[in-house]
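In this note's numbering, the protein residues as written are 1 to 185. Worksheet for the structure shown next.
Shown next, in the form of structure tokens:
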């Protein structure tokens, strides 16, 4: 259609405007869709819960395997998160040393170096391996939280092992223990 006058028919205008809007939309907005889908899914997180003096296995470990297990008493608060929760049991992580080294070897899978000084040596813990991969998705790549400081507990530094081992379950690398936040405010 050839236009000879100054007025533009409404239909011609709408067709032109539609084409004009579609081109910038496709070029500018399509790359944002994968990012938006990832943002809607939310960041991936991992949590590890450690009881230093153990727990009652019957109240912690599910009696069946798979996704349809009944949540035992201790895990009941996690039941709404069933599709996002993995419960591992039956693992053996025997480490050398005394009670204080159990926490140091829990997420590292190795026995801590016997020392009573600051020259500690362990291994990178699994939470830090995970944080290295997904920690950029959250404000804090990892957060170590505890309910009490065991360094003043009787026997916490026993058996030729530093108190650092008793107070640390998370290790950035073999020589960098990550202290736990005892009272966050």
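Glycine residues also receive a C-beta, built at the ideal position from the N, C-alpha and C atoms.
Inset, instruction - Taking residue 60 as part of the alpha helix (DSSP H), name the residues at either end of that continuous run. - result: Here the alpha helix (DSSP H) through residue 60 covers 57–60.
Legend entry - Beta-bridge pairing of residue 181 - partner residues as DSSP gives them: For residue 181, the beta-bridge partners assigned by DSSP are 145.
Legend entry - Whole-Å CB distance - residue 168 paired with residue 179, under 8 Å assumed: Yes, they are in contact, since the Cβ atoms of residue 168 and residue 179 sit about 7 Å apart, within 8 Å.
Legend entry - Cβ-Cβ distance between residue 124 and residue 108 below 8 Å: Against a cut-off of 8 Å, the Cβ pair of residue 108 and residue 124 comes out as a contact.
Inset, instruction - Could you say if the region 74–90 and the region 162–176 meet the contact criterion of at least three C-beta pairs nearer than 8 Å? - result: The region 74–90 is not in contact with the region 162–176.
Inset, instruction - Could you please give me the residues that DSSP links to residue 108 through a beta bridge? - result: Beta-bridge pairing links residue 108 to no other residue.
Legend entry - residue 122, buried or exposed, once every other Cβ within 10 Å from all chains shown has been counted against 16: Answer is buried; the Cβ neighbour count reaches 16.
Inset, instruction - Out of 47, 48 and 176, state which residue places its alpha-carbon closest to the alpha-carbon of residue 118. - result: Minimum Cα distance to residue 118 is reached at 176.
Inset, instruction - Tell me whether residue 190 sits in a helix, a strand or coil according to DSSP, three-state version. - result: Within the shown structure, residues of the chain are numbered from 1 to 185, placing residue 190 beyond reach of any answer.
Legend entry - Reduced DSSP category for residue 165 - H, G, I as helix; E, B as strand; rest coil: Helix at residue 165.
Inset, instruction - Measure the CB-CB distance between residue 120 and residue 162 and report whether it falls below 8 Å. - result: A Cβ-Cβ contact shorter than 8 Å links residue 120 with residue 162.
Legend entry - Cα-Cα separation between residue 159 and residue 115, rounded to whole angstroms: Residue 115 has its alpha-carbon roughly 9 Å from the corresponding atom of residue 159.
Inset, instruction - Flag this pair as yes or no: are the beta carbons of residue 70 and residue 62 separated by less than 8 Å? - result: Contact: yes.
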